[in-house]
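Each remark here refers to the structure printed beneath this line.
Residue numbers (our numbering): 21 to 130.
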């Protein structure tokens, strides 16, 4: 597991082309076009066919930037069958919808 984490950290630093300490969607999108990177994500069994959704899912802070912790944790959490990615996307969507319904309920109760 430690070697996988080291590889993911190395990938993050390589993808962070502006050395900001975070990955923007643009950096991420450009980086995953590389065949070597595609192969790495395939080896992790991380389905990158929905890269924008994966990026948004990994972006736990919701700020549109991936810091190193989000990137490493997201890659670790989502590795395995693509079904994990699908389930995680659905869960994030469900939580967002639940929050919206709670806000609506609060507004209607006032």
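C-beta: ideal position from N, C-alpha, C; glycine also.
All figures in this text were calculated on a predicted structure; none of them were measured in a lab.
Nearest-angstrom Cα distance between residue i and residue j?
{"i": "residue 50", "j": "residue 126", "result": "42 Å"}
{"i": "residue 116", "j": "residue 130", "result": "22 Å"}
{"i": "residue 71", "j": "residue 23", "result": "24 Å"}
Just to confirm the assignment, what range does the alpha helix (DSSP H) spanning residue i have?
{"i": "residue 23", "result": "22-35"}
{"i": "residue 97", "result": "88-98"}
{"i": "residue 72", "result": "71-78"}
Suppose contacts are defined by Cβ-Cβ distances below 8 Å. Is residue i in contact with residue j by that definition?
{"i": "residue 57", "j": "residue 31", "result": "yes"}
{"i": "residue 106", "j": "residue 90", "result": "no"}
{"i": "residue 19", "j": "residue 28", "result": "The structure shown does not extend to residue 19, since the chain is modelled only from 21 through 130, so no value can be given for it."}
Between which residues of its own chain and residue i is the CB-CB distance below 7 Å, once the five residues before and five after are set aside?
{"i": "residue 109", "result": "73, 77"}
In the DSSP assignment, find the unbroken beta strand (DSSP E) run with residue i in it and report its ends.
{"i": "residue 43", "result": "42-44"}
Only counting the same chain, and skipping five residues up and downstream in sequence, which positions put a Cβ closer than 6 Å to that of residue i?
{"i": "residue 48", "result": "75"}
{"i": "residue 61", "result": "68"}
Any chance the segment 38-54 sits against the segment 82-94, with 3 or more Cβ pairs inside 8 Å? yes
Would you call the segment 92-100 and the segment 61-79 in contact, with 3 or more CB pairs under 8 Å? yes
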